[in-house]
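Written below as structure tokens is the structure these notes are about.
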Amino acid sequence: MSSQSSATSVASAARSKDVRPATRLDDIDRILLDQLSRDARTPNNALAALAGIAQSTCLGRVRALTEQGVIRGFHADIDPIALGRDLQAMIAVRVQANARKHLGRIARELVHLQEVLNVYFIAGADDYLIHVATSNSEGLRTFVLEHLSAHPAVAATETILIFEHVRPAHESHVTSCADG
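What follows is the structure, given as structure tokens:
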């Protein structure tokens with residue numbers, strides 16, 4: 000597997016925490032989280048004003064939410080097309096039955112690949128859903144053959160091309176993979 004990293008995935012995978020059931024969110028936490036989910040670049044003073052709390056209190060709450068794993072990270076959502084990676088796909092991966100004990104290790108290997116945007120461990124017939132972006136169909140073919148089909152733990156893959164990615168209403172843009 001390649002040693003290159005996926006900027007959007009590696010940091011969160013390395014320090015991913017499950018939100019503890021004991022984590023209680025109050026109305027102020029929810030206001031902060033709602034605004035940060037809309038715009039992670041919201042300045043602390045604006046967050047504090049929105050929540051009706053002091054700036055120092057706001058900073059402390061955001062730090063605590065990060066330490067508790069409620070906020071898993073802050074990142075730039077970069078359009079892969081701007082980086083010359085015009086073709087996006089979701090690849091369903093089924094792992095060999097005898098390799099199931101290595102599922103975590105396989106995910107950690109995948110997030111280091113340049114083409115990988117996200118790795119989802121899923122329920123059902125398949126084990127992973129991998130969101131990738133490549134420069135063209137040859138790049139996608141090479142990725143699947145070299146990094147998935149050739150992997151001894153992989154039993155099967157299914158590739159689904161993404162034509163367009165429409166974000167929820169609270170996010171105000173559409174990422175299009177093709178002009179339609």
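Counting from 0, one number per residue, gives the positions in the sequence shown under numbering that gives the first Met the number 0.
C-beta: ideal position from N, C-alpha, C; glycine also.
None of the values given here were measured: they were computed from a predicted structure.
Check                                                                                                                : Outcome
Cβ contact check for the segment 83–90 and the segment 127–140: 3 or more pairs under 8 Å                            : yes
Nearest residue (CA-CA) to threonine 22, options Ala39, Asn43, Ala63                                                 : Ala63
Given 8 Å, three or more beta-carbon pairs between the segment 31–44 and the segment 66–82                           : yes
Minimum C-alpha distance to glutamine 95 - residue among Ala124, Gly83, Leu144, Val143                               : Ala124
Where the alpha helix (DSSP H) containing valine 153 begins and where it ends                                        : From DSSP, valine 153 is part of no alpha helix (DSSP H) but of the beta strand (DSSP E) over 153–161.
Straight-line Cα distance separating aspartate 33 from serine 136                                                    : 38 Å
First through last residue of the beta strand (DSSP E) which encompasses glutamine 87                                : 86–94
Buried versus exposed call for phenylalanine 120 [16 or more other C-beta atoms within 10 Å across all chains shown] : exposed
Helix, strand or coil at leucine 24 [DSSP, three-state]                                                              : coil
Residue span of the beta strand (DSSP E) that contains isoleucine 129, given as start and end                        : 127–133
Identity of the residues DSSP links to asparagine 117 by a beta bridge                                               : His130
Beta-carbon spacing of glycine 51, serine 134 below 9 Å                                                              : no
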